[in-house]
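Step one of this worksheet: look at the structure below.
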Amino acid sequence: MKVCKAVFPAAGLGTRFLPATKAQPKEMLPLVDKPIIQYGVEEALAAGCDQIIMVTGRGKTAIEDHFDTSFELERILEEKKKTDLLKVVRQISDMIHLAYVRQKEALGLGHAVLTARELVGNEPFAVLLADDVIDAETPVLKQMMRVFEQVQCSVVATQIVEGAAISAYGVLDVKPVEGHFGGRLYEVLNMVEKPKFEDAPSNLAIIGRYILTPAIFDILTKTGTGAGGELQLTDGLRGLLKKEKMYAYVYEGRRHDTGDKLGFLKATVEFALKREDLGGPLREYLRGLKLD
Ligand code: UTP
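Quick note, in the working numbering, the sequence shown goes up one by one and the last residue is 292.
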């Protein structure tokens, strides 16, 4: 089984980023000069997915416009002979075929995934939460595809989170799989959403990249609402665990939670510092700041 479809749940309200997200989706906030969601789409393409499914909601049309052809803009850039910019703009709309499905109400991440059911069909698929922008030599979803090729079961991305900060995540109870993927692979035994530090079964947090088997859909239809009155993906995954094996993979890369203001600022600085055109002057500017 090969994974060709990548689902991007992008129908959340983005309350942590208000007021910026009142009239524009958080997925369109730019990290330097590229919307957050484009980093995720590029990762999915690099991992070999050729069908992108966006789950959107009210006020998210900017996402559709971003990946669409902009004839007017292209004409103006052509007239002004701005060929470099024209190339950048065309690359985005030429990227790939995208399908959109609407989640009418933000009823939770599990519900958003379920909304993509008809477009996904009966095959394994990837889920990427665009907020988690991961800077990695090998795109994280590609790392996970290698695992999936071997195990042919659902795979969740995980990261070690030290100390009390673990309470902000879904946390895994696991058993190491010896001798595979350099000690980065675990079999998942259970998972708990946002446990107290003292109750956390490990320091392995679930991160926003998943490869799931289609069995998750039936399970989600039978999963009741959980924390916050929402249909939680974690609850669905726990149901899936009762039927199928699941693996967790400690990815290689540096993750930024860009749905959080401080995380977004840190990502902006780090990504800009890596840029050939901006890194030098930004470094100079930062050095000149009188920080105490
Ligand atoms: P978050 O937990 O980040 O929630 O959702 P949010 O609403 O987007 O943002 P905050 O916490 O209020 O600031 C995780 C992912 O699930 C999607 C979001 O778009 C995000 O990619 N999601 C969440 C949906 O698509 N639908 C939902 O009902 C909830």
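Each residue gets a CB set at the ideal place from its N, CA and C atoms; glycine is no exception. As the structure is a prediction and not an experimental result, all values here were calculated from the model.
Just to check my reading of the structure: residue i and residue j have Cβ atoms closer than 8 Å, yes? What is that Cβ distance to the nearest angstrom?
i: serine 93; j: phenylalanine 67; result: 6 Å
i: lysine 196; j: alanine 168; result: The pair is not a contact, with the Cβ atoms about 11 Å apart (cut-off 8 Å).
i: proline 30; j: glycine 14; result: Actually they do not touch by this definition, with Cβ atoms about 15 Å apart.
i: alanine 47; j: lysine 142; result: 4 Å
i: alanine 10; j: valine 41; result: With a Cβ gap of about 11 Å, alanine 10 and valine 41 do not count as contacting.
i: alanine 205; j: isoleucine 166; result: 6 Å
i: glycine 279; j: leucine 273; result: 5 Å
Taking only heavy atoms of the ligand UTP into account, decide whether any of them is closer than 6 Å to the Cβ of residue i.
i: glycine 108; result: yes
i: arginine 295; result: Because residue 295 is not part of the residues shown, which for the chain are 1 to 292, the question remains open.
i: threonine 15; result: yes
i: alanine 112; result: yes
i: valine 55; result: yes
i: glycine 226; result: no
i: glycine 59; result: no
i: proline 9; result: yes
i: isoleucine 179; result: Checking the sequence shown, residue 179 turns out to be glycine, not isoleucine. Every heavy atom of the ligand UTP is 6 Å or more from the Cβ of glycine 179, so no.
i: leucine 289; result: no
i: leucine 129; result: yes
i: glycine 229; result: no
i: glycine 236; result: no
i: glycine 121; result: no
i: glycine 170; result: no
i: glycine 259; result: yes
i: glycine 12; result: yes
Quick one: does the C-beta of residue i sit closer than 6 Å to a heavy atom of the ligand ATP?
i: proline 281; result: This structure lacks the ligand ATP; its bound ligands are the ligand UTP.
Can you tell me whether residue i is helix, strand or coil according to DSSP?
i: leucine 86; result: helix
i: histidine 256; result: strand
i: proline 281; result: helix
i: tyrosine 39; result: helix
i: valine 55; result: strand
i: aspartate 50; result: coil
i: lysine 34; result: strand
With three or more C-beta pairs closer than 8 Å as the rule, is the region 93-102 touching the region 210-225? Touching, no, given that fewer than three Cβ pairs across the two stretches are closer than 8 Å.
Is there contact here, the region 150-165 with the region 249-265, by at least three beta-carbon pairs under 8 Å? Segments in contact, yes.
Please determine if the region 201-215 and the region 126-141 are in contact, where contact requires at least 3 C-beta pairs separated by less than 8 Å. For the pair of segments examined, the region 201-215 was found to touch the region 126-141: the number of CB pairs separated by less than 8 Å reaches three.
Let me know the beta strand (DSSP E) ranges lying completely inside the region 176-252, each 3 residues or longer, listed in chain order. For the region 176-252, the continuous beta strand (DSSP E) assignments of 3+ residues that do not extend past its boundaries occur at 185-193, 204-212 and 246-250, in sequence order.
Report the residue ranges of all beta strand (DSSP E) runs contained in full by the region 67-127; include only those spanning at least 3 residues, in chain order. Complete beta strand (DSSP E) runs here, min 3: 98-102.
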